[in-house]
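Chemist:
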């Protein structure tokens, strides 16, 4: 009983900071401490979120952003884990030889690579997914190499003396034993992914949460900037928490690991996932990938076909028609306007692209 | 397989990579418009270095990164020490808020910050400082929190006062974690600086790259990326060297990466 009250108290204490911050956010613009034009009160932002949620565009942006993230992470995982096994177990010498090269590659700034990726893959989905996969590749790869190398030798020897085949050794001994550490790599990769989605969507996209923020900023819809930003922050926080919880549920029993990961308090997990729930999770992800892919495809298609409908004004927020300056392509507006830098009339984005011969 | 062998193989591999970079675009295996041959990149580098452009932009970028990093470190260290060492309840109350703040990545922050600070240097310093603040704070809190209690008890029973305990025991015990936080922060500072300069600046390495992209100077993109990578690696190496004075041993290779990221697991 006292335990329960204590937990509630701790929770109240934990979240009191956030509550105070939100109250301040609401009060500061209302009392005139901050300019309400720049920092609209929290209730206005909630209103903007409600508006976005009501016309379904919030769900669309959310699904598209998450789809990009999951796809990129999946690609990185499919490359990095086999590569990590290969380098860590079969080619240890080459792992040592390649180490400085891999480290330099992992240090290459993803933003400075973005122009190169765009050259290779265009500004479509492929470039975004490649950038996202590239960023999350390195933590997963390095963690996998370290993990498979630090599997308890006693386990390996026991398994071998019991006459296990190499394939079985990998699947039944090394993979389960190294999974806790690999998972940490995955979690770090996922954190970076989330961050890169937003970046990639800002530099060229027509949907997604990053685009929502960027587009609102370009159109001076301040409450929407905050609405999009709030969603990105909450989503990132939940993702991190979810992966931490998953890690605890899966691996808290085998905390001995490699002593690379700081030990967490080892409370007994209430739920131990087995193969069945893993299969269920995999199928959920698969269905999501299909549905999300369809959404992304439709969104891109709608954007491309709008070139034909001249004079067709979209309602604000959906705004697939964009106008850009022929001289300053980074100036993008939703309505016909003049360029704030050179005063030229803005042209439709697709027309400008055709005119330049792309 | 001894170290010498590995080094020889590394050199051979490096030679092969550089040779491939030079010949494949020239032979047309890779489109030279996408990946220009190495010599072209070197020419661009020399050209940029020759007219002083590279030095100017690198200096500006370094100055911004250093200023933001210093601001983050100067605020984050005391914040972490105070919250971790003296006010555990306040830390509990602020933890979720700080985690949420740490999630507010500078790209979205950028649009909000320029509303308040304009598009000048203050905005960039703020963004980088903001990003550096959280890894440093979290790492410091973790370091102070995980200081060996036996050490603390022993020191206290030997009659060390509160201040002495803090300076002589807690701080050295937390040092490795703090160094890790600083290294993470420096890495972030660089990544974000480039992004910030790409989004709104008229100087700096990020601007150089985006400018090269807009005018299709592909060799310049690579030259810019090369210098950015070089600076990031040098900064990390310097901090590692500095950290080596506090740490019992300096790790290297994949294990070092894993240890660094893992010990700052939250961020």
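Chains as they are written, first to last, in this note's numbering: chain X, 1 to 358; chain S, 359 to 625.
Every residue gets a Cβ at the ideal spot worked out from N, C-alpha and C, and that includes glycine.
All values derive from a computational prediction rather than experimental measurement.
Can you confirm whether residue 476(S), when its beta carbon is compared against all beta carbons of chain X, has any partner nearer than 9 Å?
Modeler: False, the Cβ-Cβ gap to chain X never drops below 9 Å.
Chemist: Taking 9 Å as the CB-CB limit, is residue 415(S) close to chain X?
Modeler: No, residue 415(S) lies away from the interface with chain X (no Cβ there is under 9 Å from its Cβ).
Chemist: Could you name the residues of the segment 572 to 593 of chain S whose beta carbon sits closer than 8 Å to any beta carbon of chain X, in the order they occur along the chain?
Modeler: Those residues of the segment 572 to 593 of chain S that come within reach of chain X (Cβ to Cβ, closer than 8 Å) are 572, 576, 579, 580, 582, 583, 586, 587, 590, 591.
Chemist: Does the CB of residue 548(S) have a neighbour CB from chain X at under 9 Å?
Modeler: Yes, residue 548(S) counts as interfacial toward chain X.
Chemist: Say yes only if the C-beta of residue 173(X) is nearer than 8 Å to one or more non-hydrogen atoms of the ligand GDP, and no if none qualify.
Modeler: Questions concerning the ligand GDP fall outside what the structure shown contains, since it holds no ligand whatsoever.
Chemist: Considering only C-alpha positions, which residue in the set 194(X), 143(X), 154(X), 160(X) is nearest to residue 178(X)?
Modeler: Answer by Cα proximity: 143(X).
Chemist: Using DSSP with H/G/I as helix, E/B as strand and the rest coil, what is residue 528(S)?
Modeler: Three-state DSSP puts residue 528(S) in a helix.
Chemist: Under 8 Å, CB to CB, which of the residues in the segment 217 to 238 of chain X have a partner in chain S?
Modeler: Residues 217, 222, 225, 226, 228, 229, 232, 233, 234, 236, 237.
Chemist: Applying a beta-carbon distance threshold of less than 8 Å, which residues of chain S neighbour residue 301(X)?
Modeler: Those within 8 Å of residue 301(X) in chain S number zero; the least Cβ separation is about 27 Å.
Chemist: Nearest CA to the CA of residue 551(S): which residue from 490(S), 520(S), 392(S)?
Modeler: Minimum Cα distance to residue 551(S) is reached at 490(S).
Chemist: Quick one: Cα of residue 289(X) to Cα of residue 380(S), how far?
Modeler: Going from the Cα of residue 289(X) to the Cα of residue 380(S) covers about 40 Å.
Chemist: If we cut at 9 Å on Cβ distances, does residue 193(X) have a partner in chain S?
Modeler: With 9 Å as the cut-off, residue 193(X) does not count as an interface residue toward chain S.
Chemist: Going by the CB atoms, is the gap between residue 61(X) and residue 209(X) shorter than 9 Å?
Modeler: For residue 209(X) and residue 61(X), yes; Cβs fall inside 9 Å.
Chemist: Since I believe residue 513(S) is in contact with residue 527(S) (beta carbons under 8 Å), could you give me their beta-carbon distance rounded to a whole number of angstroms?
Modeler: With 8 Å as the limit, residue 527(S) and residue 513(S) qualify as a contact, their Cβ atoms being about 5 Å apart.
Chemist: Taking the beta carbon of residue 113(X) as the centre, do at least 16 other beta carbons fall within 10 Å, making it buried, or is it exposed?
Modeler: The residue in question, residue 113(X), is buried, as its Cβ has 16 or more Cβ neighbours within 10 Å.
Chemist: List the residues of chain X that residue 360(S) touches, going by C-beta distances under 7 Å, in chain order.
Modeler: Per Cβ cutoff of 7 Å: no residues; residue 360(S) is ~10 Å from chain X at best.
Chemist: From which residue to which residue does the alpha helix (DSSP H) around residue 444(S) run?
Modeler: Residue 444(S) -> no alpha helix (DSSP H), and no H or E assigned at all.
Chemist: Would you kindly check if the distance between the Cβ of residue 240(X) and the Cβ of residue 571(S) is under 9 Å?
Modeler: No, the Cβ-Cβ distance between residue 571(S) and residue 240(X) is not below 9 Å.
Chemist: Please tell me whether residue 28(X) and residue 41(X) are closer than 9 Å, where the distance is taken between their beta carbons.
Modeler: Yes, the pair counts as a contact, with Cβ atoms nearer than the cut-off.
Chemist: For residue 453(S), does the count of other Cβ atoms within 10 angstroms reach 16, so buried, or fall short, so exposed?
Modeler: Buried is the call here.
Chemist: What are the boundary residues of the alpha helix (DSSP H) that residue 38(X) is part of?
Modeler: Neither: residue 38(X) is in no alpha helix (DSSP H) and is coded neither H nor E.
Chemist: Taking a Cβ distance cut-off of 7 Å, strictly less, list which residues of the segment 361 to 377 of chain S are near chain X, in chain order.
Modeler: The residues in question are 364, 367, 368, 371.
Chemist: Check whether the Cβ of residue 518(S) lies closer than 9 Å to any Cβ atom in chain X.
Modeler: Closer than 9 Å: no.
Chemist: List the endpoints of the continuous alpha helix (DSSP H) containing residue 68(X).
Modeler: Here the alpha helix (DSSP H) through residue 68(X) covers 57 to 85.
Chemist: Under a Cβ-count criterion, where at least 16 other Cβ atoms within 10 Å of its own Cβ denotes burial, should residue 134(X) be classed as buried or exposed?
Modeler: Classification of residue 134(X): buried, given that the 10 Å Cβ count is 16 or more.
Chemist: Under the three-state reduction of DSSP, which class applies to residue 219(X): helix, strand or coil?
Modeler: Looking at residue 219(X) - three-state DSSP - the assignment turns out to be coil, as it is neither helix nor strand.
Chemist: Quick one: grab the DSSP three-state call for residue 393(S).
Modeler: In the structure shown, residue 393(S) sits in coil (DSSP, three-state: anything other than H, G, I, E or B).
Chemist: Taking DSSP as the reference, what is the three-state secondary structure of residue 3(X)?
Modeler: It is helical.
Chemist: Near residue 89(X), what residues of its chain come up, given a Cβ to Cβ distance below 6 Å and the 5 sequence neighbours on each side ignored?
Modeler: Excluding residues within five positions, the ones whose Cβ falls inside 6 Å are 148.
Chemist: By a C-beta neighbour count over all protein chains shown, 10 Å radius and 16 as the cutoff for buried, is residue 285(X) buried or exposed?
Modeler: Burial call: exposed.
Chemist: Helix, strand or coil: how does DSSP classify residue 575(S) here?
Modeler: Of the three classes helix, strand and coil, the one that applies to residue 575(S) here is coil, per DSSP.
Chemist: Am I right that residue 540(S) and residue 424(S) are in contact with their C-beta atoms under 8 Å? What's the rounded C-beta distance?
Modeler: Actually they do not touch by this definition, with Cβ atoms about 13 Å apart.
Chemist: Rounding to the nearest angstrom, what Cα-Cα distance links residue 120(X) and residue 76(X) in this structure?
Modeler: Cα to Cα, the separation comes out at about 18 Å.
Chemist: Using 9 Å as the threshold, is the C-beta distance between residue 138(X) and residue 200(X) below it?
Modeler: No, the pair does not count as a contact, with Cβ atoms beyond the cut-off.
Chemist: How would you call residue 546(S), buried or exposed, if buried means at least 16 neighbouring beta carbons within 10 angstroms?
Modeler: So residue 546(S) ends up on the buried side.
Chemist: What is the rounded straight-line gap between the Cα of residue 438(S) and the Cα of residue 226(X)?
Modeler: Rounded to the nearest angstrom, the two C-alpha atoms are 28 Å apart.
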